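Reading through the structure tokens given below for one structure.
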Amino acid sequence: MFSSSRGGEERNGQKRKEPTLRAVVHSRIMAKEQEVAPAERLAVEGGIASDESAVAEPEIEANEDRVEEHVNEPDSNAGAEGDNGETGCPIWMGYDNALRCGRTLHATPDGIDEQPVCLMHSKDPCKQSGPLYKTFWREFERTLEAAGEGEARFEQFVFPQLFIVGTKFQAVCQFSEATFTQYANFAGATFSQFANFAGATFTQNADFSGASFTQGARFFGTTFTQDADFDGVNFTKEADFETATFSQGAKFTCTTFEQRASFVDATFMYETVFYDATFIHDAIFTRTAFTRGADFSEATFAQTAKFEDTVFRGTAYWSATFAQTAKFEDTVFHETAYWHSCCFLGQAEFRSTKFKPQGKDMPSAIFALTKFSKPGEIVFDDVDLSRALFHNCDVSQVWFSPSAHWAERKGNRGLAVFEETIPLEQEVVEGLQRNGQRDYRAVAQIYQQLKKNYDSRLDYWTANEFHFGEMEMKRLAVPTDGRLLWPRQWLHRNLSFVAWYKYASDYGNSYRKPMLWLLGVLLAAALLFPIPGLELRQAGSGNTASSARVTYGSVWDRQNSWTNKFWTEAKLIGKSGITAIDTATFQRTPEYAPAYPWGRVVGIFETLLTSSLFALFLLAIRRQFRR
Ligand SMILES: [Zn+2]
Numbered sequence: 000m001f002s003s004s005r006g007g008e009e010r011n012g013q014k015r016k017e018p019t020l021r022a023v024v025h026s027r028i029m030a031k032e033q034e035v036a037p038a039e040r041l042a043v044e045g046g047i048a049s050d051e052s053a054v055a056e057p058e059i060e061a062n063e064d065r066v067e068e069h070v071n072e073p074d075s076n077a078g079a080e081g082d083n084g085e086t087g088c089p090i091w092m093g094y095d096n097a098l099r100c101g102r103t104l105h106a107t108p109d110g111i112d113e114q115p116v117c118l119m120h121s122k123d124p125c126k127q128s129g130p131l132y133k134t135f136w137r138e139f140e141r142t143l144e145a146a147g148e149g150e151a152r153f154e155q156f157v158f159p160q161l162f163i164v165g166t167k168f169q170a171v172c173q174f175s176e177a178t179f180t181q182y183a184n185f186a187g188a189t190f191s192q193f194a195n196f197a198g199a200t201f202t203q204n205a206d207f208s209g210a211s212f213t214q215g216a217r218f219f220g221t222t223f224t225q226d227a228d229f230d231g232v233n234f235t236k237e238a239d240f241e242t243a244t245f246s247q248g249a250k251f252t253c254t255t256f257e258q259r260a261s262f263v264d265a266t267f268m269y270e271t272v273f274y275d276a277t278f279i280h281d282a283i284f285t286r287t288a289f290t291r292g293a294d295f296s297e298a299t300f301a302q303t304a305k306f307e308d309t310v311f312r313g314t315a316y317w318s319a320t321f322a323q324t325a326k327f328e329d330t331v332f333h334e335t336a337y338w339h340s341c342c343f344l345g346q347a348e349f350r351s352t353k354f355k356p357q358g359k360d361m362p363s364a365i366f367a368l369t370k371f372s373k374p375g376e377i378v379f380d381d382v383d384l385s386r387a388l389f390h391n392c393d394v395s396q397v398w399f400s401p402s403a404h405w406a407e408r409k410g411n412r413g414l415a416v417f418e419e420t421i422p423l424e425q426e427v428v429e430g431l432q433r434n435g436q437r438d439y440r441a442v443a444q445i446y447q448q449l450k451k452n453y454d455s456r457l458d459y460w461t462a463n464e465f466h467f468g469e470m471e472m473k474r475l476a477v478p479t480d481g482r483l484l485w486p487r488q489w490l491h492r493n494l495s496f497v498a499w500y501k502y503a504s505d506y507g508n509s510y511r512k513p514m515l516w517l518l519g520v521l522l523a524a525a526l527l528f529p530i531p532g533l534e535l536r537q538a539g540s541g542n543t544a545s546s547a548r549v550t551y552g553s554v555w556d557r558q559n560s561w562t563n564k565f566w567t568e569a570k571l572i573g574k575s576g577i578t579a580i581d582t583a584t585f586q587r588t589p590e591y592a593p594a595y596p597w598g599r600v601v602g603i604f605e606t607l608l609t610s611s612l613f614a615l616f617l618l619a620i621r622r623q624f625r626r
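Using numbering that gives the first Met the number 0, the first residue of the sequence shown is number 0, and each one after it goes up by one.
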């Protein structure tokens, strides 16, 4: 039985309540011996009383004359005690099945009910309309009225079409394991006391829109086979939807949960809407499954919002406000999660959260325009952010743990954000376009923030990788209007200062690159100097030395053997190399000097290049090994 799944603590509480309940029932029976209440008389007329003599007769044939016979019967409202219910409906009701229904058995056509039961518990389709329908509702009302502010027991009732719009239920309503075979319309109903729909089944649409649950509502394990509408419902006390199943649409638009709302292990198999819902207390969606889209737009989570182990198979919309704590540990998003314009006023934990939409070009999580009021308390730990979008959202202080995974840049050149590569035709990247082109300045901003972020946590290695991205975006941020657009764009991309910075040292990230360039420049100078010639400038050799100019041609001796020719040229290049180093290192008294004028021009260029490259080398070293 369903009741067996209740927690032990709760069960004990209920057991303790039992004697009081029985006392009430007993006093009610005593009272009835003196007089028959009008409502009860009505019911008896309807044939619901559990007298043996009435069993064989259809309820509708009951007549006034038999009223007296039923006076002494136990109140069918609360069911009879287990020990004297040999005759009536055998369905067990109440906590721990302590009470038996005991109502008159209903003559159901063969094969519909597993055992003979009363009209209320019967699956007889004839009660969908006509006299049986009326009788059913008369008995329902009688039960409700008789309960007063006590418990109205409708457990395991099989309801025909239900239309009790705006009804005010004063009693504790026990609908657990009831079956609503047709449309169940509770719109605008007010439940002044606890309403228990645990284990109930709604075969058709269930409409609770605008209803008020004043003292707690229990939909534990309830099955909604068709649409469930809880729009505008006010749950003043706890709302328990644990393990409930919503097979079709579930609507909680503008619903207010004033106390804890629990959807633990619930299953939403179709579109689910919590638009503008307000969770004043904790909202627990642990292990909830959303098979289709889930819309939490404009929702407010004033306290803790738990979505741990929750699975979202459809798109999830989160432009909500999380005022305190939001937990998304081990949450799985199979489609895009839109955090667009979401507000995190407190802490949020994305630990081992899985963002894994199928499409390769599809963003996994869109945090664009998301507001983090306490960025230091936003945690991304062990999360794949390779397809997450963070543009227009300050991430400079968000805590990305070392296991937060970013996309790799092509050619093993560090990390990249998805804004740089996401195809622009998607609607979500509208904010990333300027004049129809990717707004590299906006992308650069994200890199800047990430660089700042990792820098501040002394993770210079990762910061450097984002620095590369930032500079790369600066290089790609070409002019977008004006004359001669194309040549200017080309020049910016390939020959601008930033471009040269990249060629020379990967924007300061590489110290090998400037070193290699430096050696290259020295070699080039060494090879170039002998063309205009080298002048011997030995100290003390006097003016005669100035005339001793050697070039490739001057050392070429036709008479000599090839080996000797080669060696003289090699010696010349060797001397030239020393000259190149002398020039690069500003030696004042070199042995040889480049010949005037072209050799000097080459020398000047060499000096400029080598000193710049050396500076870049030092900067890169500093960047790599700073502390
Ligand atoms: Zn019954």
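C-beta atoms are modelled at their ideal positions from N, C-alpha and C, and glycine is treated no differently.
Nothing here was measured: the structure is a model prediction, and the numbers come from that model.
Query - Continuous alpha helix (DSSP H) stretch holding Tyr591: start and end - result: No alpha helix (DSSP H) contains Tyr591, which is instead part of the beta strand (DSSP E) from 591 to 593.
Query raised in the report: On the three-state DSSP scale, how would you describe Val310?
Result: Correct three-state label for Val310: strand.
Query raised in the report: Could you check where the alpha helix (DSSP H) with Gln447 kicks off and where it finishes?
Result: Start and end: 439 to 455.
Query - Asp505 to Glu376 span [Cα, whole Å] - result: The alpha-carbon atoms of Asp505 and Glu376 are separated by roughly 34 Å.
Query raised in the report: So is the beta-carbon of Val627 under 6 Å away from any non-hydrogen atom of ligand 1?
Result: The shown model of the chain, from 0 to 626, leaves out residue 627, and the question about it has no answer.
Requested in this report: Could you tell me the distance, in whole angstroms, from the CA atom of Gly358 to the CA atom of Arg291?
Outcome: Rounded to whole angstroms, the gap between the alpha carbons of Gly358 and Arg291 is 17 Å.
Requested in this report: Measure the alpha-carbon distance for Gln181 versus Arg386 and round it to whole angstroms.
Outcome: Computed Cα separation, rounded: 46 Å.
Query raised in the report: Which whole-angstrom value describes the C-beta separation of His390 and Leu431, a residue pair presumed to lie in contact below a C-beta threshold of 8 Å?
Result: About 6 Å separates the beta carbons of His390 and Leu431, which is inside the 8 Å limit, making them a contact pair.
**Report entry** Beta-carbon gap between Asp206 and Ala186 smaller than 7 Å
**Finding:** Going by C-beta atoms, Asp206 is nearer than 7 Å to Ala186.
Requested in this report: Using a threshold of 7 Å, state whether the C-beta atoms of Ala170 and Ala146 are closer than that.
Outcome: Their beta carbons are under 7 Å apart, which means Ala170 touches Ala146 by this criterion.
Report task. With a cut-off of 8 Å on the beta carbons, I'd call Leu526 and Ile572 a contact; round off their distance for me. Result -> Between Leu526 and Ile572 a beta carbon distance of about 7 Å is seen, short of the 8 Å cut, so the two are scored as contacting.
Query raised in the report: Would Lys355 be called buried (16 or more neighbouring beta carbons within 10 Å of its own) or exposed?
Result: In the assembly as shown, Lys355 is an exposed residue. Its beta-carbon has fewer than 16 other beta-carbons within 10 Å.
Requested in this report: Could you check the C-alpha separation between Asn204 and Glu241 for me, to the nearest Å?
Outcome: Straight-line measurement puts the Cα of Glu241 at about 19 Å from the Cα of Asn204.
Query raised in the report: Of the residues Thr222, Glu471, Pro401, which one's Cα is nearest the Cα of Ala498?
Result: When only C-alpha atoms are compared, the closest one is Glu471.
Query - Check: Ile90 C-beta below 6 Å from any heavy atom of ligand 1 - result: Ile90 Cβ: within cutoff of ligand 1.
Query raised in the report: Got a sec? Which residues, its chain only, sit under 6 Å from Thr255 by beta carbon, not counting five neighbours each side?
Result: Taken in chain order, the residues that qualify are Asn233, Thr277.
Query raised in the report: Hey, does Ala594 have any beta-carbon neighbour from chain C nearer than 7 Å?
Result: The structure shown contains no chain C; it holds only a single protein chain.
Query raised in the report: Quick one: what's got a C-beta closer than 6 Å to Pro531's C-beta in the same chain, skipping five residues either side?
Result: Here the set comprises Ala594, Trp597, Gly598.
**Report entry** DSSP bridge partner residues for His404 (one or two, in chain order)
**Finding:** Paired residues: Asp383.
Query - Three-way DSSP call (helix, strand, coil) for Leu475 in this model - result: In this structure, Leu475 counts as helix in the three-state DSSP scheme.
Query raised in the report: Do Leu388 and Pro422 come within 7 Å of each other at the CB atom, strictly closer than that value?
Result: Going by C-beta atoms, Pro422 is not nearer than 7 Å to Leu388.
Report task. Report the rounded CA-to-CA distance for Glu469 versus Ala443, giving the unit in angstroms. Result -> Near 5 Å, if we compare the C-alpha coordinates of Ala443 and Glu469.
Query raised in the report: Considering Arg152, what are the terminal residues of the beta strand (DSSP E) in which it resides?
Result: Looking at the DSSP string, the run of the beta strand (DSSP E) that includes Arg152 is 150 to 152.
Query raised in the report: On the premise that Arg152 lies in contact with Gln173, defined as a C-beta separation below 8 Å, what is that separation, rounded to the nearest angstrom?
Result: Their Cβ separation, rounded to whole angstroms, is 5 Å, which keeps Gln173 and Arg152 in contact under 8 Å.
Query raised in the report: What separation, rounded to the nearest whole angstrom, lies between the Cα atoms of Cys342 and Asp95?
Result: Rounded to whole angstroms, Cys342 to Asp95 spans 46 Å at the Cα level.
Query - Limits of the beta strand (DSSP E) - the one that Arg599 falls within - result: Per DSSP, Arg599 is not a residue of any beta strand (DSSP E); the alpha helix (DSSP H) it occupies stretches across 597 to 624.
Query - Distance CB(Ala619)-CB(Ser495) smaller than 7 Å - result: For Ala619 and Ser495, no; Cβs fall outside 7 Å.
Requested in this report: Quick one: grab the DSSP three-state call for Met92.
Outcome: Residue state for Met92 is assigned as strand, using DSSP reduced to three classes.
Requested in this report: State the CB to CB distance for the pair Glu348 and Phe366, rounded to an integer number of angstroms; the pair is presumed to be in contact (CB under 8 Å).
Outcome: At roughly 15 Å, the Cβ-Cβ gap does not stay under 8 Å, so Glu348 and Phe366 are not in contact.
Requested in this report: Count the other CB atoms, across all protein chains shown, that sit within 10 Å of the CB of Asp316; report buried if there are 16 or more and exposed otherwise.
Outcome: For the sequence presented, residue 316 should be read as Tyr rather than Asp. Buried, since its Cβ has 16 or more Cβ neighbours within 10 Å.
**Report entry** Bridge-paired residues (DSSP) for Asp206
**Finding:** Asn184, Asp228, per the DSSP bridge assignment.
Report task. Assign Tyr316 to one of three DSSP states: helix, strand, or coil. Result -> Strand, per DSSP.
Query raised in the report: What residue from Leu490, Asn411, Thr479 has the CA that sits closest to Tyr439's CA?
Result: Closest option to Tyr439, Cα to Cα, is Thr479.
Query raised in the report: For Ala238, which three-state DSSP category applies?
Result: Strand.
Query raised in the report: Looking only at C-alpha atoms, which of Ser400, Pro401, Thr420, Phe399 sits nearest to Lys409?
Result: Closest by alpha carbon: Thr420.
Query raised in the report: By a C-beta neighbour count over all protein chains shown, 10 Å radius and 16 as the cutoff for buried, is Thr107 buried or exposed?
Result: With 16 or more other Cβ atoms within 10 Å, it is buried.
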